[in-house]
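Visitor: Top line first, the protein sequences correspond to chains A and B. Per my numbering, residue 1 is the first one in the first sequence, and the count goes up by one each step. Per my numbering, residue 218 is the first one in the second sequence, and the count goes up by one each step. C-beta: ideal position from N, C-alpha, C; glycine also. Here it is, the structure in full.
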Amino acid sequence: MAMMLAGGGRPFRWIGLLVFALLLGATPAVAARFFVLNVPGELDPATKVRIETPRPVQLLFTFQTNGAPNMRATNFVKEQVGNDVRGSGLFSEVAQAPVADGAVLSITINNIPERGAAGRGFRTGLTFGLAGTTVTDDYEITFEYLSGPTATPIRRVVRHAIRTTIGRTDPPTDVTRARNPEEALRTVVRQSLAHGLNQLGGDPAFVPALTGTAPQP
Amino acid sequence: MSRRSPALLALLLAAGGCTASRLDTPQPTFSGLQAVRAADIPALTVDRFAAGPGLPRGRDRAILIRAAALRPPQGTSFADYLGETLRAALASAGRLEPASALGVSGLLTENRVDSGFGRGRGVLAAEFIVTRGGREIWRKTQRVERDWDSSVLGAVAYIRADQHYGALYQMLVEALLADPDFRRAVRPAA
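Okay, structure coming up:
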């Protein structure tokens, strides 16, 4: 692009360079900013369920986009999901392979991008950020737990969202800004897992004996 | 294992105009595990998966989405990928046994993606073969299709096709596991 505008010794060379510099100057206005919704937020430690006799579990995790498996995103956050499940204290062991009692925990994160978001971002880019826009990525996180091979699944769903502003536009409300898209996604995953796992652990069918306050779904 | 984010992939595609990407290693899914448990099948081994004789040349190694190629993981074919997806589903339910006398192999017979401006569509089909002690006891073709919203923007269309195309493998494996004929074939002889 710079070579085209510079024109290599032609009469309008400096005008081209000036226009290019102005365009470069305008580019930061197109920069995206990422915000995580304040709800559900971090889990209040006082409401965290404690399990007296944690059991091992097999963890299956899938990241979806609009309901279609997204293997790249699955691999991107799989390690964090495993660590967060281990950190929940609900299980004595978290494995990828089947465990002795046949318990299975499935976590599915479905990212539902706002329809038409790509086109709006494209328009914002064309106007170098003057026509700013805000797009929302909704996340629906589904937790399914089978305590054994013939058990009835316990199911919980947690919803979260990331709002992204591109160009000149008012920031969204009731959100916390993230430094970059990765931090936004990892915050959504951490908060959603904390709440969803706590809801699972609070279900009377999770284990017969538990202490702590059982949160409502 | 790829650690590229979808946003980075979109950026690369938008910047590059055309490029190539690879499917990531198949992961076991809850629906796959439930399908294996519901099938109540014995432990199986997964034998060779290969391109069927009718599959167009090269269709086992790459498919084109707009101007960009989508390929299976490094050093493998799409037929291998189907076998790996079946292997992951069986392993997640503890039903994968490499030493089993009962084996499943397959031939990829159809593999295509149409990624238009409005709608995308993927089709995947394979002929599955069950052997017991090396002797063929069952053979049948399974075929699945999937439609999705595509986009005028090439990068967006590519990402959507990539995701939905990858899902076809899980669908095909679950179609096999749900087939009553397959379940009968792999159960121990009375």
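Leu385 of chain B and Leu313 of chain B - do their beta-carbons sit closer together than 7 Å?
Guide: Sequence index remark: in the second sequence, residue 313 of chain B carries index 96 (1-based). Sequence index remark: in the second sequence, residue 385 of chain B carries index 168 (1-based). In this structure, Leu385 of chain B does not lie closer than 7 Å to Leu313 of chain B by Cβ.
Visitor: So Leu319 of chain B packs on Thr262 of chain B, CB below 8 Å; how close in whole Å?
Guide: Counted from its first residue, the second sequence places residue 319 of chain B at position 102. Counted from its first residue, the second sequence places residue 262 of chain B at position 45. Sure, about 7 Å apart at Cβ, within 8 Å.
Visitor: Exposed or buried, which one is Gly234 of chain B when buried takes at least 16 other CB atoms within 10 Å?
Guide: Along the second sequence, one-based indexing puts residue 234 of chain B at 17. Because Gly234 of chain B carries a pLDDT of 40, less than 50, the predicted location of this residue cannot be relied on, and no value is offered for it.
Visitor: Does the distance from the C-beta atom of Gln244 of chain B to that of Thr65 of chain A stay below 7 Å?
Guide: Position 27 of the second sequence, counting from 1, holds the residue named residue 244 of chain B. Position 65 of the first sequence, counting from 1, holds the residue named residue 65 of chain A. For Gln244 of chain B and Thr65 of chain A, no; Cβs fall outside 7 Å.
Visitor: At a cut of 8 Å, does the region 300 to 315 of chain B reach the region 349 to 364 of chain B through at least three beta carbon pairs?
Guide: No, they do not touch.
Visitor: Report the three-state DSSP secondary structure of Asn198 of chain A (helix, strand or coil).
Guide: Taking the first sequence and counting its residues from 1, one reaches residue 198 of chain A at position 198. Reduced to three states, the DSSP call for Asn198 of chain A is helix.
Visitor: Which value, in whole angstroms, describes the spacing of the CA atoms of Ala378 of chain B and Thr53 of chain A?
Guide: Position 161 of the second sequence, counted from the first residue, corresponds to residue 378 of chain B. Position 53 of the first sequence, counted from the first residue, corresponds to residue 53 of chain A. Near 45 Å, if we compare the C-alpha coordinates of Thr53 of chain A and Ala378 of chain B.
Visitor: Phe399 of chain B and Glu60 of chain A - do their beta-carbons sit closer together than 7 Å?
Guide: As a working note, residue 60 of chain A is residue 60 in the first sequence. As a working note, residue 399 of chain B is residue 182 in the second sequence. Contrary to the premise, residue 60 of chain A reads as Leu rather than Glu in this sequence. Contact flag unset, no.
Visitor: Can you tell me the Cβ-Cβ gap for Ala296 of chain B and Leu250 of chain B, rounded? I've got them flagged as a contact below 8 Å.
Guide: Taking the second sequence and counting its residues from 1, the one referred to as residue 296 of chain B is at position 79. Taking the second sequence and counting its residues from 1, the one referred to as residue 250 of chain B is at position 33. Not confirmed; about 23 Å, so no contact.
Visitor: Would you call Pro171 of chain A buried or exposed, if buried means 16 or more other Cβ atoms sit within 10 Å of its Cβ?
Guide: As a first step, residue 171 of chain A must be located in the first sequence, where it is residue number 171. It counts as exposed.
Visitor: Would you mind working out which of A:Ala46, A:Val158, A:Pro40 sits nearest Asp174 of chain A, comparing C-alpha positions?
Guide: For this step, residue 174 of chain A is matched to residue 174 along the first sequence. Of the candidates A:Ala46, A:Val158, A:Pro40, the one whose C-alpha sits nearest the C-alpha of Asp174 of chain A is A:Pro40.
Visitor: Along chain B, in chain order, which residues have C-beta atoms closer than 9 Å to that of Leu60 of chain A?
Guide: Indexing the first sequence from 1 puts residue 60 of chain A at position 60. By Cβ distance, chain B contributes Gln244, Pro245, Thr246, Phe247, Gly249, Leu250, Ser309.
Visitor: Can you give me the Cβ contacts of Arg404 of chain B inside the same chain, cut-off strictly under 6 Å, excluding the 5 residues immediately before and after it?
Guide: In the second sequence, the residue the question calls residue 404 of chain B occupies position 187. Excluding residues within five positions, none has a Cβ falling inside 6 Å.
Visitor: If you run the structure through DSSP and keep just helix, strand and coil, what is Gln96 of chain A?
Guide: Numbered from 1 along the first sequence, position 96 holds the residue referred to as residue 96 of chain A. Gln96 of chain A falls in the coil class under three-state DSSP.
Visitor: For my contact list, Pro181 of chain A and Phe35 of chain A are in at a C-beta cut-off of 8 Å; report their separation, rounded to the angstrom.
Guide: Locating residue 181 of chain A in the first sequence gives position 181, where the first residue counts as 1. Locating residue 35 of chain A in the first sequence gives position 35, where the first residue counts as 1. The pair is not a contact, with the Cβ atoms about 11 Å apart (cut-off 8 Å).
Visitor: What does Thr134 of chain A pair with, by DSSP beta-bridge criteria?
Guide: Residue 134 of chain A sits at position 134 when you count from the first residue of the first sequence. Thr134 of chain A pairs with A:Thr165.
Visitor: For Asp396 of chain B, which residues in the same chain have their Cβ closer than 8 Å to its Cβ, ignoring the five residues on either side in sequence?
Guide: Counting from one through the second sequence, the residue named residue 396 of chain B turns up at place 179. Once the five neighbours on either side are set aside, the close Cβ partners of Asp396 of chain B are Lys357, Gln359.
Visitor: With H, G and I counted as helix, E and B as strand and the rest as coil, what does DSSP make of Thr293 of chain B?
Guide: By 1-based counting over the second sequence, the position of residue 293 of chain B is 76. Coil.
Visitor: Is the region 274 to 290 of chain B touching the region 369 to 378 of chain B, taking contact as three or more C-beta pairs under 8 Å?
Guide: Touching, per the Cβ criterion.
Visitor: Any C-beta of chain B within less than 7 Å: which residues of the region 69 to 95 of chain A qualify?
Guide: Hits within the stretch, in order: Pro69, Asn70, Met71, Arg72, Ala73, Thr74, Asn75, Phe76.
Visitor: Rank B:Gly371, B:Val330, B:Ala260 by C-alpha distance to the C-alpha of Asp364 of chain B and give the top, closest one.
Guide: Taking the second sequence and counting its residues from 1, the one referred to as residue 364 of chain B is at position 147. Selected option, being the one with the closest Cα: B:Val330.
Visitor: Cα separation between Val347 of chain B and Pro315 of chain B?
Guide: Mapped onto the second sequence, residue 347 of chain B falls at position 130. Mapped onto the second sequence, residue 315 of chain B falls at position 98. Using only the alpha carbons, I get a separation of about 14 Å.
Visitor: Taking Thr270 of chain B as the reference, which of B:Leu324, B:Leu299, B:Arg338 has the closest Cα?
Guide: Here residue 270 of chain B corresponds to residue number 53 of the second sequence, with the count starting at 1. Rather than Thr, the amino acid found at residue 270 of chain B in this sequence is Pro. It is B:Leu324.
Visitor: Could you check how far apart the C-beta atoms of Val77 of chain A and Val189 of chain A are, in whole angstroms? I think they sit under 8 Å.
Guide: Translated into the one-based positions of the first sequence, residue 77 of chain A becomes position 77. Translated into the one-based positions of the first sequence, residue 189 of chain A becomes position 189. Right, their Cβ atoms sit about 6 Å apart.
Visitor: Cα separation between Ala255 of chain B and Thr176 of chain A?
Guide: Taking the first residue of the second sequence as 1, we reach residue 255 of chain B at position 38. Taking the first residue of the first sequence as 1, we reach residue 176 of chain A at position 176. Computed Cα separation, rounded: 44 Å.
Visitor: Under 8 Å Cβ to Cβ from Gly337 of chain B, same chain only, skipping five residues before and after it: list those, please.
Guide: Translated into the one-based positions of the second sequence, residue 337 of chain B becomes position 120. If we look at Gly337 of chain B and ignore the five residues flanking it on each side, its Cβ neighbours are Val330, Asp331, Asp364, Trp365, Asp366, Ser367, Ala374, Arg377, Ala378, His381.
Visitor: So with CB distances below 7 Å, who are the chain B contacts of Pro149 of chain A?
Guide: Here residue 149 of chain A corresponds to residue number 149 of the first sequence, with the count starting at 1. Simply Arg254.
Visitor: Just confirm the distance between the C-beta atoms of Ile51 of chain A and Leu90 of chain A, as a whole number of angstroms; I'd bet it's less than 8 Å.
Guide: Within the first sequence, the letter at position 51 stands for residue 51 of chain A. Within the first sequence, the letter at position 90 stands for residue 90 of chain A. Indeed, because the Cβ distance is near 5 Å, the residues count as touching under 8 Å.
Visitor: Looking at Ser147 of chain A: is its Cβ nearer than 7 Å to the Cβ of Ala100 of chain A?
Guide: As a working mapping, residue 147 of chain A is identified with position 147 in the first sequence. As a working mapping, residue 100 of chain A is identified with position 100 in the first sequence. Result no, Cβ atoms of Ser147 of chain A and Ala100 of chain A do not sit closer than 7 Å.
Visitor: For chain A, check one thing: does any of its Cβ atoms lie closer than 7 Å to the Cβ of Asp257 of chain B?
Guide: Start at 1 with the first residue of the second sequence, and residue 257 of chain B comes out as number 40. So, not an interface residue.
Visitor: What does DSSP give as the partner residue(s) for Phe399 of chain B in the beta ladder?
Guide: By 1-based counting over the second sequence, the position of residue 399 of chain B is 182. For Phe399 of chain B, which the question treats as bridged, DSSP gives no partner whatsoever.
Visitor: I'd like to know whether the C-beta of Glu183 of chain A is nearer than 7 Å to at least one C-beta of chain B.
Guide: Taking the first residue of the first sequence as position 1, residue 183 of chain A is located at position 183. Glu183 of chain A does not count as touching chain B.
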